[in-house]
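Colleague:
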Amino acid sequence: MKADWQQRQVSLPQNCTHPFDLLADGRHNSIGKILFQTVSPTLTSLLSQTRWPSACLQAGWPHRPVPKLQAALRNSYLVSSLHVRVTTPGAKSSPDEETLVGIARATSDYSFNATIWDVIVDPEYQGQGLGKALVENMVRTLLRREILNITLFADAGVVDFYRTLGFETDPEGIKGMFWYPPGFR
Amino acid sequence: MPFAALDGLSPKKSTFGLQVEAQRLLLPTLTKTDEQFAEQGIVFMEGHEGVNLEELNDLFEQVGFPRRDPDKLKLALEKTHTVIWIRHAKKSRWAKLNQLLGFGRAMSDGSISASIWDVAVLPAWQRSGLGRALLERLLVRLRQDHIDTISLYAEPSVVKLYEKLGFVTDPQGIRGMAFQRKSAIGMKVAAGEKRASVAKG
Numbered sequence: 001m002k003a004d005w006q007q008r009q010v011s012l013p014q015n016c017t018h019p020f021d022l023l024a025d026g027r028h029n030s031i032g033k034i035l036f037q038t039v040s041p042t043l044t045s046l047l048s049q050t051r052w053p054s055a056c057l058q059a060g061w062p063h064r065p066v067p068k069l070q071a072a073l074r075n076s077y078l079v080s081s082l083h084v085r086v087t088t089p090g091a092k093s094s095p096d097e098e099t100l101v102g103i104a105r106a107t108s109d110y111s112f113n114a115t116i117w118d119v120i121v122d123p124e125y126q127g128q129g130l131g132k133a134l135v136e137n138m139v140r141t142l143l144r145r146e147i148l149n150i151t152l153f154a155d156a157g158v159v160d161f162y163r164t165l166g167f168e169t170d171p172e173g174i175k176g177m178f179w180y181p182p183g184f185r
Numbered sequence: 001m002p003f004a005a006l007d008g009l010s011p012k013k014s015t016f017g018l019q020v021e022a023q024r025l026l027l028p029t030l031t032k033t034d035e036q037f038a039e040q041g042i043v044f045m046e047g048h049e050g051v052n053l054e055e056l057n058d059l060f061e062q063v064g065f066p067r068r069d070p071d072k073l074k075l076a077l078e079k080t081h082t083v084i085w086i087r088h089a090k091k092s093r094w095a096k097l098n099q100l101l102g103f104g105r106a107m108s109d110g111s112i113s114a115s116i117w118d119v120a121v122l123p124a125w126q127r128s129g130l131g132r133a134l135l136e137r138l139l140v141r142l143r144q145d146h147i148d149t150i151s152l153y154a155e156p157s158v159v160k161l162y163e164k165l166g167f168v169t170d171p172q173g174i175r176g177m178a179f180q181r182k183s184a185i186g187m188k189v190a191a192g193e194k195r196a197s198v199a200k201g
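Encoded structure:
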């Protein structure tokens, strides 16, 4: 079943699989090549690794059961992941040498609203603008597809980070709220 | 398909089974049941199939929301996890038969996160518990799918209403944010689009 945006003007790279977007940017740095990629089958197993806790901008990530994570990724409108592939001269690099270093996903109704969730960059790779690149690419893609109401919930410590990327808190006084069951409020 | 009775749980379950499941899932309780509403000729419907898009846009307009392009609206509803709307099931001087009285939807990945949008009740029917009832049923639906993170963006005038339903503002300092197009990125994208259209001649 083709999504509306696939039927319209957006041209996708050949190996892009619905519904995930292949972001074509690649950047070289001194460690290895940082690649934006679609979600790979190994991604969800990587995501369940326990080395994520300190990296998580949203609490609760490493404790999610893998099937729940897989379902969430499958049903997200957009998922962007960053991998490091280290190439040594003369040696063949295999997909196994790729390490997941960052991820972001967005849910959407394909028309009006999108919410960005779970923006995470591995602590070792923070401070290099990878989080910024992840979010910027997401926003750019959403805007290109005319999904104009792009929202997210920012932990207190990253509000300024998102401000520099063009996000505003409480626009027109509108407040973000979360539901808690009785006894948990 | 009318919204399931028995607080949204399967009618086949025993009362004890209901209580256990409700506790386990931490289901929100319904202030008023479907039966009680049905007596007043008010029926809660789930799913987008029966929604008249023109009527929905009329409802949006009446509560101060923008009217939407019908094609985009249709797609949005198809891609929405849960749609609940309120049907006026009898003839009265307050509303036409089958008139759309209220609406609400929840966007979700069906597993971890959800956000509630476009909650609207006809002005003449506000303050009669319909908004609350709508929200309660959305919450039950989401909790039945074990969705843990249920969020929404509330205008200042309705924050208290949502607090009464169990929503918390800015928990642990988490802030709701929205992208404002009049920023560097927005302008870069717009400029890029302009260049692309010029290049095509």
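From first to last, the protein sequence lines stand for chains A and B. Note that the UniProt record's numbering gives residue 114 to position 114 of the first sequence, counting from 1, and the numbers run on in steps of one. Note that the UniProt record's numbering gives residue 33 to position 33 of the second sequence, counting from 1, and the numbers run on in steps of one. Glycine included, every Cβ here is placed at the ideal spot set by N, Cα and C. Values in this document were obtained by computation on a predicted structure and should not be read as measured data.
1. According to DSSP, what are the bridge partners of Ala106 (chain B)?
2. Using the C-alpha atoms, what's the distance from Gln36 (chain B) back to Gly102 (chain A)?
3. Could you give the distance in angstroms between the alpha-carbon of Glu168 (chain A) and the alpha-carbon of Gly127 (chain A)?
4. Taking the alpha carbon of Tyr110 (chain A) as the point to measure from, which residue in A:Leu100, A:Gly131, A:Ile147 and A:Asn137 has its own alpha carbon closest?
5. Output the boundary residues of the beta strand (DSSP E) element that contains Arg175 (chain B).
6. What did DSSP end up calling Lys64 (chain B) once you bin it into helix, strand or coil?
7. Kindly give me the distance between the Cβ atoms of Asn75 (chain A) and Asp148 (chain B), rounded to whole angstroms, as I take these residues to be in contact under 8 angstroms.
8. Return helix, strand or coil for Pro171 (chain A), following the three-state DSSP convention.
9. What residues in the stretch 66-88 of chain A have a beta carbon less than 7 angstroms from any beta carbon of chain B?
10. How long is the line joining the alpha carbons of Lys160 (chain B) and Leu143 (chain A), rounded to whole angstroms?
11. On the three-state DSSP scale, how would you describe Lys94 (chain B)?
12. Out of A:Glu172, A:Asn149 and A:Thr151, which has the shortest C-alpha to C-alpha gap to Glu155 (chain B)?
13. Could you give the distance in angstroms between the alpha-carbon of Tyr125 (chain A) and the alpha-carbon of Thr115 (chain A)?
14. By the three-class DSSP mapping on this structure, what secondary structure does Val43 (chain B) have?
15. When the distance is taken between beta carbons, is Gly104 (chain B) closer than 8 angstroms to Ile116 (chain B)?
16. Could you spell out the range, first to last residue, of the alpha helix (DSSP H) harbouring Val159 (chain B)?
17. Using the rule of at least 16 other Cβ atoms within 10 Å of the residue's Cβ for burial, across every protein chain shown, is Arg51 (chain A) buried or exposed?
18. Put Gly127 (chain A) into one of helix, strand or coil per three-state DSSP.
19. Below 7 angstroms between beta carbons is the criterion; list the residues of the stretch 112-131 of chain A that meet it against any residue of chain B, in chain order.
20. If we ignore side chains and look at the alpha-carbon of each, how far apart do Asn52 (chain B) and Leu100 (chain B) end up?
21. Would you tell me roughly how many angstroms separate the C-alpha atoms of Trp179 (chain A) and Leu135 (chain B), rounded to the nearest one?
22. Check whether the stretch 36-48 of chain B touches the stretch 77-96 of chain B, counting contact only when three or more Cβ pairs, one atom from each stretch, lie closer than 8 angstroms.
23. Look up Ala154 (chain A) in the DSSP assignment and say whether it is helix, strand or coil.
24. Would you kindly work out how many angstroms separate the C-alpha atoms of Tyr162 (chain B) and Leu30 (chain B), rounded to a whole number?
25. Classify Asp170 (chain B) as helix, strand or coil using the three-state DSSP reduction.
26. Counting only Cβ pairs nearer than 8 angstroms, list the residues of chain B close to Arg185 (chain A).
27. Relative to the alpha-carbon of Leu78 (chain A), which residue among A:Ala106, A:Leu100 and A:Arg64 has its alpha-carbon at the smallest distance?
28. Hey, does Ser92 (chain B) have any beta-carbon neighbour from chain A nearer than 8 angstroms?
29. Count the other C-beta atoms from every protein chain shown that fall within 10 angstroms of the C-beta of Leu97 (chain B), then say buried if there are 16 or more, exposed otherwise.
30. In angstroms with no decimal places, state the Cα-to-Cα distance between Ser113 (chain B) and Ala133 (chain A).
31. Listed in chain order, which residues of the stretch 39-60 of chain B have Cβ atoms closer than 7 angstroms to some Cβ of chain A?
32. Over the uninterrupted beta strand (DSSP E) stretch that includes Leu73 (chain A), give me the two end residues.
33. Looking at chain B, is there any beta carbon in it that lies within less than 8 angstroms of the beta carbon of Lys175 (chain A)?
34. Determine which residues share a DSSP beta bridge with Val121 (chain B) and list them.
35. Find the residues of chain B that neighbour Arg64 (chain A), judging by a C-beta separation of less than 8 angstroms, and give them in chain order.
36. Pick from A:Asn137, A:Leu165, A:Ile150 and A:Pro182: whose alpha carbon is nearest that of Ser80 (chain A)?
Modeller: By the coordinates alone:
1. For the purposes of this step, residue 106 (chain B) is identified with residue 106 of the second sequence, where counting begins at 1. Listed as beta-bridge partners of Ala106 (chain B) by DSSP are B:Thr82 and B:Ile116.
2. Mapped onto the first sequence, residue 102 (chain A) falls at position 102. Mapped onto the second sequence, residue 36 (chain B) falls at position 36. Answer to the nearest angstrom: the Cα atoms are 50 angstroms apart.
3. The count along the first sequence starts at 1 and reaches residue 168 (chain A) at position 168. The count along the first sequence starts at 1 and reaches residue 127 (chain A) at position 127. The straight-line gap from Cα to Cα measures roughly 22 angstroms.
4. Residue mapping note: residue 110 (chain A) aligns to position 110 of the first sequence, counting from 1. A:Ile147 is the residue among A:Leu100, A:Gly131, A:Ile147 and A:Asn137 whose C-alpha sits nearest the C-alpha of Tyr110 (chain A).
5. Counting from one through the second sequence, the residue named residue 175 (chain B) turns up at place 175. Following the DSSP letters along the chain, one finds Arg175 (chain B) inside the beta strand (DSSP E) bounded by residues Arg175 to Phe179.
6. Walking along the second sequence from the start, residue 64 (chain B) turns up at place 64. In the sequence as presented, Lys is not what sits at residue 64 (chain B); that position holds Gly. It is coil, neither helix nor strand.
7. Within the first sequence, the letter at position 75 stands for residue 75 (chain A). Within the second sequence, the letter at position 148 stands for residue 148 (chain B). Taking a contact as a CB-CB distance under 8 angstroms, the pair Asn75 (chain A) and Asp148 (chain B) does not count as one, their CB atoms being some 15 angstroms apart.
8. Taking the first residue of the first sequence as 1, we reach residue 171 (chain A) at position 171. When DSSP states are grouped into helix, strand and coil, Pro171 (chain A) belongs to the helix group.
9. Listed by position along the chain: Lys68, Ala71, Ala72, Asn75 and Ser76.
10. The count along the second sequence starts at 1 and reaches residue 160 (chain B) at position 160. The count along the first sequence starts at 1 and reaches residue 143 (chain A) at position 143. If I take the Cα positions, the gap works out to 33 angstroms.
11. Residue mapping note: residue 94 (chain B) aligns to position 94 of the second sequence, counting from 1. A quick correction: the sequence has Trp, not Lys, at residue 94 (chain B). Of the three classes helix, strand and coil, the one that applies to Trp94 (chain B) here is coil, per DSSP.
12. For the purposes of this step, residue 155 (chain B) is taken as the residue at position 155 of the second sequence. It is A:Glu172 whose Cα lies nearest to the Cα of Glu155 (chain B).
13. As a working note, residue 125 (chain A) is residue 125 in the first sequence. As a working note, residue 115 (chain A) is residue 115 in the first sequence. Here the C-alpha atom of Tyr125 (chain A) lies approximately 24 angstroms from the C-alpha atom of Thr115 (chain A).
14. Locating residue 43 (chain B) in the second sequence gives position 43, where the first residue counts as 1. Strand, per DSSP.
15. Here residue 116 (chain B) refers to the residue found at position 116 of the second sequence. Here residue 104 (chain B) refers to the residue found at position 104 of the second sequence. With contacts defined as CB atoms closer than 8 angstroms, Ile116 (chain B) and Gly104 (chain B) qualify as a contacting pair.
16. Here residue 159 (chain B) refers to the residue found at position 159 of the second sequence. Start and end: Val159 to Lys164.
17. Indexing the first sequence from 1 puts residue 51 (chain A) at position 51. In this prediction, Arg51 (chain A) has a pLDDT of 42, which is less than 50 and means its spatial position is unreliable; what the coordinates show is noted afterwards. With fewer than 16 Cβ atoms within 10 Å of its Cβ, Arg51 (chain A) is classed as exposed.
18. The sequence position of residue 127 (chain A) within the first sequence is 127, counting from 1. In this structure, Gly127 (chain A) counts as coil in the three-state DSSP scheme.
19. Residues passing the 7 angstroms Cβ filter: Phe112, Asn113, Thr115 and Trp117.
20. On the second sequence, position 52 is the one that residue 52 (chain B) refers to. On the second sequence, position 100 is the one that residue 100 (chain B) refers to. C-alpha separation (whole angstroms): 8 angstroms.
21. As a working mapping, residue 179 (chain A) is identified with position 179 in the first sequence. As a working mapping, residue 135 (chain B) is identified with position 135 in the second sequence. Each residue's alpha carbon lies about 11 angstroms from the other.
22. The stretch 36-48 of chain B vs the stretch 77-96 of chain B: in contact.
23. Along the first sequence, one-based indexing puts residue 154 (chain A) at 154. In the three-state scheme derived from DSSP, where H, G and I count as helix and E and B as strand, Ala154 (chain A) is classed as strand.
24. As a working note, residue 162 (chain B) is residue 162 in the second sequence. As a working note, residue 30 (chain B) is residue 30 in the second sequence. Tyr162 (chain B) and Leu30 (chain B): Cα-Cα distance of roughly 15 angstroms.
25. As a first step, residue 170 (chain B) must be located in the second sequence, where it is residue number 170. Three-state DSSP puts Asp170 (chain B) in coil, outside helix and strand.
26. Indexing the first sequence from 1 puts residue 185 (chain A) at position 185. The contacting residues are Gly166 and Val168.
27. As a first step, residue 78 (chain A) is located in the first sequence; it is residue number 78 there, counting from the start. Here the closest residue by C-alpha is A:Ala106.
28. Position 92 of the second sequence, counted from the start, is the residue given in the question as residue 92 (chain B). Using a Cβ-Cβ cut-off of 8 angstroms, Ser92 (chain B) does not count as an interface residue toward chain A, since no Cβ of chain A sits closer than that to its own.
29. On the second sequence, residue 97 (chain B) is found 97 positions in, with the first residue counted as 1. Residue burial annotation: Leu97 (chain B) is exposed, with fewer than 16 other C-beta atoms found within 10 angstroms of its C-beta.
30. Walking along the second sequence from the start, residue 113 (chain B) turns up at place 113. Walking along the first sequence from the start, residue 133 (chain A) turns up at place 133. The straight-line gap from Cα to Cα measures roughly 23 angstroms.
31. Those would be none; no residue qualifies.
32. Taking the first sequence and counting its residues from 1, the one referred to as residue 73 (chain A) is at position 73. Taken as a continuous stretch (DSSP letters only), Leu73 (chain A) belongs to no beta strand (DSSP E), being part of the alpha helix (DSSP H) at Val66 to Arg74.
33. Locating residue 175 (chain A) in the first sequence gives position 175, where the first residue counts as 1. Closer than 8 angstroms to some Cβ of chain B, the Cβ of Lys175 (chain A) qualifies, so yes.
34. To locate residue 121 (chain B), count along the second sequence from 1; it is residue 121. Its beta-bridge partners are B:Gly102.
35. Within the first sequence, numbered from 1, the residue matching residue 64 (chain A) stands at position 64. Proximity of chain B to Arg64 (chain A) at the Cβ level (cut-off 8 angstroms) is accounted for by Ile112, in chain order.
36. Walking along the first sequence from the start, residue 80 (chain A) turns up at place 80. Ranking A:Asn137, A:Leu165, A:Ile150 and A:Pro182 by Cα distance to Ser80 (chain A) puts A:Asn137 first.
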